[in-house]
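By UniProt numbering, the letter at position 34 of the sequence shown is numbered 34, and the numbering carries on one by one without gaps.
Where is the CB? At the ideal position from N, CA and C, for every residue including glycine.
What follows is a single structure, written as structure tokens, with notes after it.
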Amino acid sequence: VKNYVKKGSKLYVEGKLQTREYTDQEGNKKYTTEVILSQFNSTIMLMDSKAGYQASTNKIAFDNKNSTPSVNDDYDAEEIKDEIPF
């Protein structure tokens, strides 16, 4: 994914949430929540492009063999419009 996005990129991410606890260098307890993506039941969609927002979105699909993302530029943004609760 790092090859396709930069800070501020708009993404749609679907996966399993996992919260974990760790101790920082000063000894303080910290918590972090991460989205865990597996090869099954996970989705990442680019909601904009490097040149700016596009009406159609790009979908990153992971190859089951090597987890290398491929981009599908033909993905239609209208497909997810009804699923977003806001």
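How many Å lie between residue i and residue j at the Cα?
i, j, result
"leucine 46", "asparagine 28", "35 Å"
"tyrosine 12", "aspartate 48", "10 Å"
"threonine 57", "glutamine 39", "Residue placement at threonine 57 is poorly supported in this model, since its pLDDT is 39, which falls under 50; the coordinates are not used for a value here."
"isoleucine 44", "valine 1", "9 Å"
"glutamate 14", "isoleucine 36", "9 Å"
"leucine 17", "threonine 32", "10 Å"
"tyrosine 22", "lysine 30", "5 Å"
"glutamine 25", "tyrosine 4", "32 Å"
"asparagine 41", "lysine 10", "20 Å"
"glutamate 34", "threonine 19", "6 Å"
"tyrosine 53", "lysine 7", "Reliability of the predicted coordinates at tyrosine 53 is poor, the pLDDT of 42 falling under 50, and the value obtained from them is presented with this limitation in mind. Looking at the two C-alpha atoms, the distance is approximately 14 Å."
Please confirm whether any heavy atom of the ligand SAM lies closer than 8 Å to the CB of residue i.
i, result
"tyrosine 31", "As far as ligands go, the structure on display features none, and thus does not contain the ligand SAM."
So the beta strand (DSSP E) residue i belongs to, where does it begin and stop?
i, result
"glutamate 21", "16 to 23"
"methionine 47", "Per DSSP, methionine 47 belongs to no beta strand (DSSP E) and is neither H nor E."
"tyrosine 31", "29 to 36"
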